[in-house]
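Visitor: First the structure, which I've put down as structure tokens, then a few questions once you've had a look.
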Amino acid sequence: MKIGYKLIAEAYSPTEMVRQCVRAEEAGFDFVEISDHYHPWVSEQQHSGFAWSMLAAMAAKTERIELATGVTCPFIRYHPAIIAQAAATTQLLSDGRFTLGVGSGERLSEHVVGHGWPSVSVRHQMFRESLEIIRLLWQGGYQSYEGKHLTLEDAQVFDLPETLPKIIVATGGPQASKLAAEVGDGIFATEPRADLIEAFTGAGGDGPRYTEVPMAYGATEDEAAEEARRLFRFGITGWKVQAELPNPVNFDAATATVTADHMREAFACGPDTDRQLAVAQQFVDAGYDHLALINAGTDVDGFFDHVAKELAEPLRALRPSS
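In full-length UniProt numbering, the protein residues as written are 1 to 322.
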């Protein structure tokens, strides 16, 4: 079992993200994963730095902790050739500690380049083509690709690491899990759903299984639940909402009726280790082995200390209940 920390780049400045990565290494976390957005989710967040610049700084300031994107959409806002280059460079800068987490994106960040927001079926086709292009470029040499949606013309990534990054594919349904098995090295999910893993392994997938465990650390349950509502209320809307809304103002409207009690139901709010372990156990029971802890509370350093002193050891000891 590997324990990670979610770097919420929409809620904190780029320099704070780098500091939190360093603190995560000091607190004993195995990995961090950072969101790759252009816009924040809700108006209270007010940040969204460039993930790849932050990853480079993190690689320079840490020695052991693994780094990952959680997750990058490798098309529309980017071209997959750029992501192939960025991931290879980050793997070199981090001495082999980087994992490329990828997903089919959200309109929130991808619409900004003015290329529209395709239907789900088209996005999945573009996603597959993107991963095929990345894999092709990582073979070395000049490469070209002619897909239904994406094209690559005489491109070569010149700085390739000896060990390529793993590609972890975000999934919310059986088709994405199958894609992860076919062109990825593992899966990434945000719900404690065993069916996503079963679809992955059923299609021949074999690799790490990443997920995010919702927590909100604070002095009291009430205080933490309110902080989670203020900064992370978008998280309970589900991917059918999260993928489709264009701007923070739309998420503000969609989450206007979310209360602290709603957050309390979904998140382990407050300092109670037993509650935190109970929430994490759901993901372990579903079969996930890389647990990235979300702290939707604002006591960042208190959370790091809490994990190091009280939570890490029992968390690593969790096994499926059955």
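Don't be surprised by glycine CBs; every beta carbon is placed ideally from N, CA and C.
With 16 other CB atoms within 10 Å as the buried threshold, where does residue 326 fall?
Guide: What is shown of the chain runs 1 to 322, which leaves residue 326 out entirely.
Visitor: Residue 212 by DSSP, collapsed to three states: which one?
Guide: In the structure shown, residue 212 sits in a strand (DSSP, three-state: E or B).
Visitor: Assuming residue 143 contacts residue 152 under a Cβ cut-off of 8 Å, what Cβ separation, rounded to an integer in Å, is found between them?
Guide: About 6 Å separates the two Cβ atoms, so the contact holds.
Visitor: Report the residue ranges of all beta strand (DSSP E) runs contained in full by the stretch 146-183; include only those spanning at least 3 residues, in chain order.
Guide: Qualifying beta strand (DSSP E) stretches, in chain order: 151-155 and 166-170.
Visitor: Residue 238: buried (16+ other C-beta within 10 angstroms of its C-beta) or exposed?
Guide: Per the 10 Å Cβ criterion, exposed.
Visitor: Compute the Euclidean distance between the alpha carbons of residue 156 and residue 183, then round it to the nearest angstrom.
Guide: C-alpha separation (whole angstroms): 20 Å.
Visitor: When burial is assigned at 16 or more other CB atoms within 10 Å of the CB, is residue 249 buried or exposed?
Guide: Residue 249 should be labelled exposed.
Visitor: Does the ligand FAD have even one heavy atom less than 6 Å from the beta-carbon of residue 135?
Guide: Among the ligands in the structure shown, none appear at all, so the ligand FAD cannot be discussed.
Visitor: Residue 28 and residue 268 look like a contact to me (Cβ under 8 Å); what is the Cβ gap, rounded to whole Å?
Guide: About 19 Å separates the two Cβ atoms, so there is no contact after all.
Visitor: What is the residue span of the beta strand (DSSP E) that residue 294 lies within?
Guide: That run of the beta strand (DSSP E) goes 290-295.
Visitor: By how many angstroms is the C-alpha of residue 108 removed from the C-alpha of residue 2?
Guide: Spanning the two alpha carbons is a distance of roughly 30 Å.
Visitor: Are the CB atoms of residue 88 and residue 160 nearer to each other than 7 Å?
Guide: Contact: yes.
Visitor: Would you list the one or two residues that DSSP bridges to residue 98?
Guide: Beta-bridge pairing links residue 98 to 67.
Visitor: Can you tell me the Cβ-Cβ gap for residue 264 and residue 219, rounded? I've got them flagged as a contact below 8 Å.
Guide: About 15 Å separates the two Cβ atoms, so there is no contact after all.
Visitor: So residue 33 is in the beta strand (DSSP E); what residue range does that whole segment cover?
Guide: Segment 31-34, the beta strand (DSSP E) holding residue 33.
Visitor: With DSSP as the reference, label residue 21 as helix, strand or coil.
Guide: It is helical.
Visitor: Would you list the one or two residues that DSSP bridges to residue 188?
Guide: 170 and 210.
Visitor: What three-state label does DSSP hand residue 133 in the structure shown?
Guide: Of the three classes helix, strand and coil, the one that applies to residue 133 here is helix, per DSSP.
Visitor: Within its chain, find whatever has a CB closer than 6 Å to the CB of residue 192; leave out the 5 residues flanking it on each side and keep chain order.
Guide: Excluding positions up to five away in sequence, the list reads 282, 283 and 286.
Visitor: Just to confirm, are residue 36 and residue 72 a CB contact at a threshold of 7 Å?
Guide: Yes, they are a contact pair.
Visitor: Go ahead and label residue 320 buried or exposed: buried means 16 or more other beta carbons lie within 10 angstroms of its beta carbon, across all protein chains shown.
Guide: Residue 320 comes out exposed.
Visitor: Hey, does residue 267 have any beta-carbon neighbour from chain D nearer than 7 Å?
Guide: Although the question refers to chain D, the structure presented lacks it and comprises just one protein chain.
Visitor: With distances taken Cα to Cα, identify the nearest neighbour of residue 322 among 194, 302 and 93.
Guide: Closest option to residue 322, Cα to Cα, is 194.
Visitor: What separation, rounded to the nearest whole angstrom, lies between the Cα atoms of residue 252 and residue 298?
Guide: Approximately 19 Å between the Cα atoms of the pair.
Visitor: In the stretch 235-262, which residue ranges form an unbroken alpha helix (DSSP H) of at least 4 residues, counting only runs that do not cross its ends?
Guide: Entirely contained in the stretch 235-262, the alpha helix (DSSP H) runs reaching 4 residues are, in chain order, 239-242 and 248-254.
Visitor: With a cut-off of 8 Å, do at least 3 Cβ pairs link the stretch 123-130 to the stretch 56-64?
Guide: Judged by Cβ distances under 8 Å, the stretch 123-130 makes no contact with the stretch 56-64, as fewer than three pairs qualify.
Visitor: Does the beta-carbon distance from residue 189 to residue 231 come in below 7 Å?
Guide: Not in contact: residue 189 and residue 231 (Cβ atoms no closer than 7 Å).
Visitor: With distances taken between CB atoms, is the gap from residue 5 to residue 22 smaller than 7 Å?
Guide: No; because the gap between Cβ atoms is not below 7 Å, this pair is not in contact.
Visitor: Start and end of the alpha helix (DSSP H) containing residue 61?
Guide: Segment 51-61, the alpha helix (DSSP H) holding residue 61.
Visitor: Under a three-way DSSP split, which group does residue 318 fall into?
Guide: Correct three-state label for residue 318: coil.
Visitor: Whose CA, out of 215, 102, 103 and 177, lies closest to the CA of residue 201?
Guide: Minimum Cα distance to residue 201 is reached at 177.
Visitor: Could you have a look at residue 203 and say whether DSSP puts it in helix, strand or coil?
Guide: Three-state DSSP puts residue 203 in coil, outside helix and strand.
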